[in-house]
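Read the structure below first, then the notes.
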Amino acid sequence: MTDEERSSTLNELYSQLRDIDRLKDRLSDQRVAAGRRRWGPGNDHESEEKIFNEQWVNLISVESLVDDLQSTIRKTINTMSRPTLRPLRILDLPDEILMKISECAHAWPHRLFMWHKAEGYKDIQSLRLTCRRFCKASSHLLLHFLRVDLNSSSLAHFEEISRHPAIRVGMRCAKVVLHYYNPEFADNILDFTDFYLRKLGERIESLEHWLSEDIPDFPTDKEVVKGKLKQAKRMLRVWEREALNIPNTFNRKDLRLRRLLRKAHHEYQRRFTDQERLLQDRAFVHSLATAIARMPNMKRLEIVDWDRFSLFDAPSFFSRGNGWDALMNDMVQPFSWEKASLYSSSQPPMGVLTTLPWAIHEAGGLITDISIELSPREHFGCFGLLEADVQNIRCAAQRLQRFSFYLNHDDSDSWRSRDFVEIDKFCRFLMAFLDSASVEEITINLRALSSEQDTASASLLTLGQILTLRSWPSLSYINLGAIPIDFNNLEQFVNQLCSPAVYVSMNYIHLLSGTWGAALDLMRKINPEDWSLDCPTGAECDMMSDEEKQAVFGTYDRRHWEKSKAEMYIMKWIDKNPLRGDTGEMGKVVQGIVVDEVEDEE
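Under my numbering, the first residue of the sequence shown is numbered 1114, with each subsequent residue one higher.
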């Protein structure tokens, strides 16, 4: 065989491999769809289940044949090309391919769990020690996630990483933590002392309760805890006298505890001053945006007001080996927005959130994935944006592919009701991020907002305008949690879904008008590939017993492939609307809702 004939034959074989790859992708999609139909209806339709099982088995067989054909072609290509190739070593590969090989060993974590180290982290550490080429090809995989707090030292560390020639290439996600310091505590040592007196007293009471119980897996040595409790109670007495300005004769130990309190307050003041300096003239935003723009692969931006995972690594004064430094470190920690509002009337640093995306865009960075997680208990007014801010966010979000927003709370009972103006500002804030045709995935979870409202006041808080802002032609996934919406907005949202391939997940959605029976009919029209509906409220659901709701909508803790009757109806697996009963209690409930609406319209 001549070289020209061999080259022509190899080109034809490579073309066949490409065709087989495309065929395998189509077969995989068909197998997934067949699997959903196979497990969806359950045992109620045995004839349909048999057909789906046969389709599943046939697709598995075809995929096996295609794999065999692919393997045969690859062996043929290897046999024909091997005589013409010189012996090659792995170091003969270009740097770009070596970097890709290193990434295969690295195994990136899911984007929602970026703070985890990759599974191949230890392998990358070993690979870097092999030789200079491997070190150069794998150094960018050492770090992929970087957290930055609202303080100078954290910002300096972030900027240092952004200038590293190798490590900055591997950075994928930045987490900006916007917890902040209380100005009242910084200005007044008595307020500072009073707060930590209550906090220390609660901790002592909790530990004494634990010690009195027979807990087999106590987190630390009980004798150590008893010794620490004795020290803590002495500290409590000294600080109480200090807070009440009671004259007393202090011994050497008491004076040390007084100095500890004043040292902690001095450090708190220093950190507060540093925070205020960074917020002036938007120094923090500009420095952070410039650093992010230096990292070419950083596409995900997380903005939170509290990092719960940092608490796991914090040292505890009551554990063995930890002394006064651990206690002081706990005393100078900043607050989440919700917690700060309990002790201060100051506004949270909302300006960072509203200006950072535009600043990154101006600096030349490209963020395609934004996740925001906040707990603004009192400060819903902080979501109010100037028109210039709205336009800047819209411009920065034009290439945004994923957007997530979570409204969190620790104590929903203390949250006050919102008025229409606040909710309008809140909706306008979210709509600024979502006004983009490139959005592919949306997650909005407002459980904290819904928990503070009762059904009577919920009519003032419809958030349907968020979903009817525009159509998203690229949308493939949307997850909505605890959003109050009226039927007209729901109808417009469903009609705007551009493709039935969109996966829709709805949890704790509150329907303000219409009936859920009609809503199921509406959702069914687009024939979605997958639709999850859990724990709906409002309309007839508020008059159904728990047993009736579970019969229609299933239980919240069911496995993800176990579909409820409502979901089966939406996806056209069954023909009868489970909320359209002509007789029985369920039918009477739905008929009552419809009659009430007709009377209201008249």
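The beta-carbon is built from N, C-alpha and C at its ideal position, and this holds for glycine as well.
Asked	Found
Proximal residues to residue 1645 (C-beta, below 6 angstroms), its chain only, five neighbours per side dropped	1618
C-alpha gap between residue 1326 and residue 1342, whole angstroms	16 angstroms
Option nearest residue 1488 by Cα separation, candidates 1452, 1468, 1465, 1478	1452
Alpha-carbon to alpha-carbon, residue 1636 and residue 1656	22 angstroms
For residue 1400 and residue 1268, believed in contact at Cβ under 8 angstroms, the rounded distance	6 angstroms
Cβ shell of residue 1595 (< 6 angstroms), same chain only, five flanking positions each side left out	1559, 1560, 1563, 1621
Three-pair Cβ contact test at 8 angstroms for the stretch 1282 to 1289 versus the stretch 1409 to 1417	yes
Nearest residue (CA-CA) to residue 1456, options 1174, 1298, 1693	1298
Coil, strand or helix - residue 1128 by DSSP	helix
Buried or exposed by the 16-neighbour rule on C-beta atoms within 10 Å, applied to residue 1518	buried
4-residue-minimum alpha helix (DSSP H) runs that sit fully inside the stretch 1450 to 1508, ordered along the chain	1450 to 1454, 1463 to 1476
8 angstroms contact criterion, which residue 1614 and residue 1642 should meet: CB distance rounded	5 angstroms
Any 3 or more C-beta pairs closer than 8 angstroms across the stretch 1391 to 1407 and the stretch 1453 to 1473	yes
Assigned secondary structure, residue 1618 (DSSP; H/G/I helix, E/B strand, else coil)	strand
For residue 1623: DSSP bridge partner residues	1597, 1650
Residue 1534: first and last residue of the uninterrupted alpha helix (DSSP H) it sits in	1533 to 1547
Nearest neighbour of residue 1543, chosen from 1501, 1485, 1597 [CA to CA]	1485
4 or more residues per run - each alpha helix (DSSP H) lying fully within the stretch 1235 to 1272	1245 to 1251
Inter-residue spacing [alpha-carbon to alpha-carbon] between residue 1689 and residue 1682	7 angstroms
Cβ pair residue 1503, residue 1397 closer than 8 angstroms	no
Span of the alpha helix (DSSP H) around residue 1519	Segment 1515 to 1520 is the beta strand (DSSP E) holding residue 1519; no alpha helix (DSSP H) there.
Straight-line gap, residue 1204 to residue 1213 (C-alpha atoms, nearest Å)	13 angstroms
Residue 1413 in three-state terms, based on DSSP	strand
Residue 1680: first and last residue of the uninterrupted alpha helix (DSSP H) it sits in	1678 to 1683
Buried or exposed by the 16-neighbour rule on C-beta atoms within 10 Å, applied to residue 1118	exposed
Reference residue 1336; option with closest CA among 1347, 1323, 1348	1323
8 angstroms Cβ cutoff met for residue 1294 and residue 1461	no
Other residues of its chain near residue 1219: CB distance less than 7 angstroms, five sequence neighbours each side excluded	1231, 1233, 1237, 1254
Buried or exposed (CB count within 10 angstroms, at least 16 for buried), residue 1266	exposed
Near the ligand NAP: residue 1613 beta-carbon under 7 angstroms from a heavy atom	In the structure on display, the ligand NAP does not appear, and there are no ligands present to speak of.
Cβ-Cβ distance between residue 1625 and residue 1647 below 8 angstroms	no
Neighbourhood of residue 1557 by C-beta distance below 6 angstroms, restricted to the same chain and skipping five residues each side	1518, 1593
Close Cβ partners of residue 1126 (< 7 angstroms) along its chain, the five nearest in sequence each way excluded	1186, 1189, 1190
Selected residue, minimal CA-CA separation from residue 1371, among 1243, 1312, 1302	1302
Stretch-stretch touch, CB-based, cutoff 8 angstroms, three pairs: the stretch 1577 to 1585 with the stretch 1605 to 1613	yes
Of the residues 1576, 1141, 1201, 1649, the one placed nearest residue 1173, counting alpha carbons only	1141
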